[in-house]
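*Asks:* First to last, the protein sequences are chains A and B. With UniProt numbering, letter number 21 in the first sequence gets 21, and the count goes up by one each step, no holes. With UniProt numbering, letter number 123 in the second sequence gets 123, and the count goes up by one each step, no holes. Here it is, the structure in full.
Protein chains: 2
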Amino acid sequence: MAGRAAVPEVIWARPERTGRGPKPAFTRADIAAAAVRIADAEGLDAVSMRHVAAELGCGTMSLYNYVPRKEDLYELMVDAVGAEHELFEPTGDWRADMLRNAGQTRAIMYRHTWVPRLMSGVFGFSPNTLRYLEHCLACLEPLDVPAGTKTELIALLNGVVTTYTANDIATVERTRSMPWSVEEENAVRMAYLGSQVATGAYPRLAAAFMEQSGPVDLEAVFRRALERVLDAYDPGLR
Amino acid sequence: MAGRAAVPEVIWARPERTGRGPKPAFTRADIAAAAVRIADAEGLDAVSMRHVAAELGCGTMSLYNYVPRKEDLYELMVDAVGAEHELFEPTGDWRADMLRNAGQTRAIMYRHTWVPRLMSGVFGFSPNTLRYLEHCLACLEPLDVPAGTKTELIALLNGVVTTYTANDIATVERTRSMPWSVEEENAVRMAYLGSQVATGAYPRLAAAFMEQSGPVDLEAVFRRALERVLDAYDPGLR
DNA sequence: CCTAGTTACGTACACCGTACGTAGTGCGCT
DNA sequence: AGCGCACTACGTACGGTGTACGTAACTAGG
Numbered sequence: 001m002a003g004r005a006a007v008p009e010v011i012w013a014r015p016e017r018t019g020r021g022p023k024p025a026f027t028r029a030d031i032a033a034a035a036v037r038i039a040d041a042e043g044l045d046a047v048s049m050r051h052v053a054a055e056l057g058c059g060t061m062s063l064y065n066y067v068p069r070k071e072d073l074y075e076l077m078v079d080a081v082g083a084e085h086e087l088f089e090p091t092g093d094w095r096a097d098m099l100r101n102a103g104q105t106r107a108i109m110y111r112h113t114w115v116p117r118l119m120s121g122v123f124g125f126s127p128n129t130l131r132y133l134e135h136c137l138a139c140l141e142p143l144d145v146p147a148g149t150k151t152e153l154i155a156l157l158n159g160v161v162t163t164y165t166a167n168d169i170a171t172v173e174r175t176r177s178m179p180w181s182v183e184e185e186n187a188v189r190m191a192y193l194g195s196q197v198a199t200g201a202y203p204r205l206a207a208a209f210m211e212q213s214g215p216v217d218l219e220a221v222f223r224r225a226l227e228r229v230l231d232a233y234d235p236g237l238r
Numbered sequence: 001m002a003g004r005a006a007v008p009e010v011i012w013a014r015p016e017r018t019g020r021g022p023k024p025a026f027t028r029a030d031i032a033a034a035a036v037r038i039a040d041a042e043g044l045d046a047v048s049m050r051h052v053a054a055e056l057g058c059g060t061m062s063l064y065n066y067v068p069r070k071e072d073l074y075e076l077m078v079d080a081v082g083a084e085h086e087l088f089e090p091t092g093d094w095r096a097d098m099l100r101n102a103g104q105t106r107a108i109m110y111r112h113t114w115v116p117r118l119m120s121g122v123f124g125f126s127p128n129t130l131r132y133l134e135h136c137l138a139c140l141e142p143l144d145v146p147a148g149t150k151t152e153l154i155a156l157l158n159g160v161v162t163t164y165t166a167n168d169i170a171t172v173e174r175t176r177s178m179p180w181s182v183e184e185e186n187a188v189r190m191a192y193l194g195s196q197v198a199t200g201a202y203p204r205l206a207a208a209f210m211e212q213s214g215p216v217d218l219e220a221v222f223r224r225a226l227e228r229v230l231d232a233y234d235p236g237l238r
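Pasting the structure below:
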C-alpha cells in the first residue's frame with residue numbers, strides 16, 4: 001500500500017529507516033554511489049532506474065522504496081559528489097580561500113562531467129551543500145560586509161564556476177553518445193563560426209577573433225573571471 | 001535513401017532548401033515557432049517530435065527532413081527566441097547599454113521559462129546569437145580594453161543572467177508537471193532548510209538567515225550582481 | 001525525358017519512468 | 001505471545017520517448 005505522495009517532499013527530510021518491516025538491503029549512499037559510478041563511466045543518460053537497479057543487483061521497482069522519484073536520485077548524486085569538497089581550515093585570506101573552494105568545485109565537475117547538467121536548475125539544499133555553504137561563510141569571516149552580501153558573493157561565485165566549467169565540458173558530455181569525437185565536433189562548429197565571420201556581417205566579432213592568436217586557454221579565462229568577481233567584492237580595491 | 005550523417009553537423013550550415021524534390025511544406029521558422037508555442041504552453045518536456053509534428057499537421061518522421069536530431073530542434077528554439085532581442089543603437093554609455101541587454105535577456109527567459117534549461121551546456125553559435133554578440137561588442141565600443149576582455153565580459157555577464165534567472169524560474173518549471181503548486185514546493189523546501197538550520201550545525205548560515213527580514217527581492221539581488229560584475233570591468237573604478 | 005535526390009510518412013524497436021498488485025518480513029502494541 | 005500493520009521486494013504493464021528503416025510520390029537538372 002505504498003501510494004506515491006501527492007504532496008511535495010524533500011528526500012532529505014524523509015528518514016532513511018523507520019524500524020518497521022524487513023531491513024533495507026541498501027543505504028542511500030550505496031544507491032548514490034552506484035548511480036555516480038554509472039554516470040562517470042557511461043554518461044548521465046545511462047543513469048536509468050533499471051540500470052541503477054541492475055548495478056545494485058535488485059529489481060527495478062525496489063529502487064522506488066528508497067527514491068520516490070528519479071529527480072530525487074539526481075539529488076542524491078549531486079549530494080554524493082559534494083562530499084568530495086575538502087572543508088579546510090580557513091587561512092584568514094578570504095580571497096585565497098574562496099579561490100581554493102572554487103578550484104575544488106571545478107575539479108569535482110571535471111571528475112564528474114555530468115554535475116553541471118544537474119546543478120543548473122536545481123534548488124538543492126542537500127546536507128553536503130549546507131556544509132559547503134557554511135564552510136564558505138567561515139572562509140568569508142574576515143570580509144567586512146553584511147552576511148547577505150556574503151551569501152550573494154558565494155552564489156555569484158558558484159554560478160560563475162558552474163557556467164564556465166559547464167561550457168568547457170559540454171561538448172565532451174554531448175559527444176559521449178555520438179559516433180564522432182569531441183575534436184571533430186568542435187572543428188565543425190568552429191568552421192561554421194569562421195564561415196559566418198568571413199561574410200563580413202560581424203565586423204567587431206571578426207576583429208575580436210583576428211586579435212587572438214593560438215587556442216584559448218580555458219583555465220586562464222576561468223581564473224581571470226574569478227579574480228574579477230572577487231575584485232568586485234573586495235573593499236580594499238574601492 | 002536519407003541515411004543519417006555519421007559525421008558532426010551544424011544545422012545552420014545545412015541549406016534550408018536544395019532545389020531537388022517536392023517543395024518543403026514548412027520552413028525552419030515554422031517548426032521553431034511550433035516548438036516554442038508548445039514549450040510556452042505546456043513546458044519543455046511536452047516538446048516531443050510527435051507533438052511538434054502534430055502541431056504542424058504532418059507525420060512524425062517528416063520532421064526529420066528538416067531537423068536531423070532532436071537536439072537541433074532545441075537549437076532552433078533557442079535561436080528563435082534570440083530574435084526577441086531588440087538591437088538598439090548604442091548610446092555611448094556602455095554600462096547602461098549592457099544593463100539593458102541583460103534586462104532583455106532576462107525578460108526573454110521569463111517569457112520562455114524553458115530557455116535556461118536549454119542554454120546551459122549548449123555551445124550555441126546560432127545566427128541570432130552571433131547578431132546579439134556583435135551588438136554587445138558595439139555597445140562596448142566606448143570601453144577601452146582589449147577585444148578579448150570584452151568578449152570575456154559578455155560571457156560573464158550572460159552567464160550571470162542565465163544562472164540567476166534560471167534559479168528564479170527553476171521551481172516554476174519543475175512543478176509544471178507536478179500535482180502541487182510552486183508555493184507548496186517552496187514552503188516544503190524552506191521548512192527543511194529551517195529545520196536543518198535550527199539544529200545548530202550551521203551557525204553562520206543561521207546568522208545569515210536571521211539577518212534577513214521578509215522575503216528576498218530576487219530582482220534586486222539580480223541587479224546588484226550585475227552591477228558588481230560591471231564594476232569589475234570598469235576602468236573608472238580602479 | 002529520365003533519373004537521382006527529396007519529401008512524406010507508416011511501422012517497428014528499444015528504452016524510458018512509474019502505477020499497481022501481490023507476496024513475504026519483522027517491529028511495536030496490546 | 002501473538003496479532004496487525006508498515007515496510008521491503010519485485011513482476012507486469014502502460015503510455016510515452018527518439019529514431020532507424022522501407023516505401024511511395026514528386027520534381028528539378030542533365
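Idealized CB from N, CA, C, for every residue including glycine.
1) Are the stretch 43-57 of chain A and the stretch 101-110 of chain A touching by the rule of at least three beta carbon pairs closer than 8 angstroms?
2) Of the choices Arg189/A, Phe88/A, Pro203/A, whose alpha-carbon is the least far from that of Pro8/B?
3) Under a three-way DSSP split, which group does Lys23/A fall into?
4) With three or more beta-carbon pairs closer than 8 angstroms as the criterion, would you say the stretch 215-224 of chain B touches the stretch 139-153 of chain B?
5) From the beta carbon of Val10/A, is the nearest beta carbon of chain B less than 7 angstroms away?
6) With a cut-off of 8 angstroms on the beta carbons, I'd call Val47/B and Leu157/B a contact; round off their distance for me.
7) Is Gly59/A close to chain B, meaning its C-beta is less than 7 angstroms from at least one C-beta of that chain?
8) Please identify, using Cβ separations under 9 angstroms, the residues of the stretch 145-167 of chain A that lie next to chain B, in order along the chain.
9) Taking C-alpha atoms, which residue in Gly82/B, Cys58/B, Glu173/B lies nearest to Gly43/B?
10) Kindly list the residues whose CB is nearer than 7 angstroms to the CB of Gly236/B, restricted to its own chain and excluding five residues on each side of it in sequence; keep chain order.
11) Thinking C-alpha only, which one of Glu75/A, Thr162/A, Ala147/A, Ala198/A is nearest Ser120/B?
12) My understanding is that Ile31/A touches Val78/A, with C-beta atoms under 8 angstroms, so please give their C-beta distance in whole angstroms.
13) If we count Cβ pairs, one from each stretch, closer than 8 angstroms, do we get three or more for the stretch 129-136 of chain B versus the stretch 84-98 of chain B?
14) Along the chain, where does the alpha helix (DSSP H) containing Cys139/A start, and where does it finish?
15) Establish whether the CB of Trp180/B and some CB of chain A are separated by less than 7 angstroms.
16) Just checking: is the beta-carbon of Ala2/A within a distance shorter than 7 angstroms of some beta-carbon in chain B?
17) What is the residue span of the alpha helix (DSSP H) that Gln212/B lies within?
18) Can you look up Thr91/A in the DSSP assignment and give me helix, strand or coil?
19) By how many angstroms is the C-alpha of Gly124/A removed from the C-alpha of residue 248/B?
20) Counting only C-beta atoms, is Asp234/A closer than 7 angstroms to chain B at any point?
21) Between Pro203/A, Thr165/A, Pro22/A, Ile154/A, which lies nearest to Ala147/B when the distance is taken from Cα to Cα?
22) In whole angstroms, what is the alpha-carbon distance linking Ala112/B and Asn167/B?
23) Which bits of chain B does Tyr202/A rub up against, with CB to CB less than 9 angstroms?
24) Taking all protein chains shown into account, do 16 or more other C-beta atoms lie within 10 angstroms of the C-beta of Ala208/A, making it buried, or fewer, making it exposed?
25) For the candidate residues Met109/B, Glu86/B, Asp72/B, Ser177/B, whose alpha-carbon lies nearest to that of Arg131/B?
26) For Val145/B, does the count of other Cβ atoms within 10 angstroms reach 16, so buried, or fall short, so exposed?
27) Measuring only between beta-carbons, confirm whether Ala198/B sits less than 7 angstroms from chain A.
28) Distance, Cα to Cα, Ala80/B vs Tyr164/B?
29) With a cut-off of 7 angstroms, does the C-beta of Phe222/B fall near any C-beta of chain A?
30) Quick one: complete beta strand (DSSP E) runs, 3+ long, within the stretch 39-91 of chain A?
31) By Cβ distance below 7 angstroms, which residues in the same chain neighbour Phe26/A in space, the five residues on each side in sequence not counted?
32) Find out if the Cβ-Cβ distance for the pair Trp94/B, Leu143/B is shorter than 7 angstroms.
33) Could you tell me the alpha carbon to alpha carbon distance between Glu184/B and Asp231/A, rounded to whole angstroms?
*Replies:* Reading off the structure:
1) Contact fails: fewer than three Cβ-Cβ distances are below 8 angstroms.
2) Answer by Cα proximity: Arg189/A.
3) Lys23/A: coil per DSSP, three-state reduction.
4) The stretch 215-224 of chain B vs the stretch 139-153 of chain B: no contact.
5) Answer yes: the Cβ-Cβ gap between Val10/A and chain B drops below 7 angstroms somewhere.
6) Rounded, the Cβ-Cβ distance is 28 angstroms, inconsistent with contact.
7) It does not: the Cβ of Gly59/A has no partner Cβ on chain B nearer than 7 angstroms.
8) If the cut-off is 9 angstroms between Cβ atoms, the stretch 145-167 of chain A has Pro146, Ala147, Gly148, Thr149, Lys150, Thr151, Glu152, Leu153, Ala155, Leu156, Asn158, Gly159, Val160, Thr162, Thr163, Tyr164, Ala166, Asn167 near chain B.
9) Measuring from the Cα of Gly43/B, the nearest candidate turns out to be Glu173/B.
10) Once the five neighbours on either side are set aside, Gly236/B has no close Cβ partner at all.
11) Minimum Cα distance to Ser120/B is reached at Thr162/A.
12) Not confirmed; about 13 angstroms, so no contact.
13) Enough Cβ pairs lie closer than 8 angstroms, so yes.
14) 127-139 is the extent of the alpha helix (DSSP H) around Cys139/A.
15) The Cβ of Trp180/B sits closer than 7 angstroms to at least one Cβ of chain A.
16) Since pLDDT at Ala2/A reaches only 44, below the 50 mark, its modelled position is unreliable, and the value read off the structure follows with that caveat. Chain B contact via Cβ: absent.
17) For Gln212/B, there is no enclosing alpha helix (DSSP H), as DSSP gives it neither H nor E.
18) Correct three-state label for Thr91/A: coil.
19) Absent from the structure is residue 248/B, since the part of chain B shown begins at 1 and ends at 238.
20) Not an interface residue.
21) Comparing alpha-carbon positions, the option among Pro203/A, Thr165/A, Pro22/A, Ile154/A lying closest to Ala147/B turns out to be Pro203/A.
22) It should be pointed out that residue 112/B corresponds to His in this sequence rather than to Ala. Spanning the two alpha carbons is a distance of roughly 14 angstroms.
23) Here the neighbours are Leu130, Arg131, Leu133, Glu134, Leu137.
24) Within 10 angstroms of the beta-carbon of Ala208/A lie 16 or more other beta-carbons, which makes it buried.
25) Measuring from the Cα of Arg131/B, the nearest candidate turns out to be Glu86/B.
26) Its Cβ having fewer than 16 others within 10 Å, Val145/B is exposed.
27) Contacts with chain A at 7 angstroms (Cβ-Cβ) do not include Ala198/B.
28) Cα-Cα distance, rounded: 22 angstroms.
29) Chain A places no beta carbon closer than 7 angstroms to that of Phe222/B, leaving this residue out of the contacts.
30) Within the stretch 39-91 of chain A, no complete beta strand (DSSP E) run reaches 3 residues.
31) Excluding sequence neighbours, Phe26/A sits near Leu56, Tyr66.
32) Taking 7 angstroms as the Cβ cut-off, Trp94/B and Leu143/B qualify as a contacting pair.
33) Between the C-alpha atoms of Glu184/B and Asp231/A there is a straight-line separation of about 39 angstroms.
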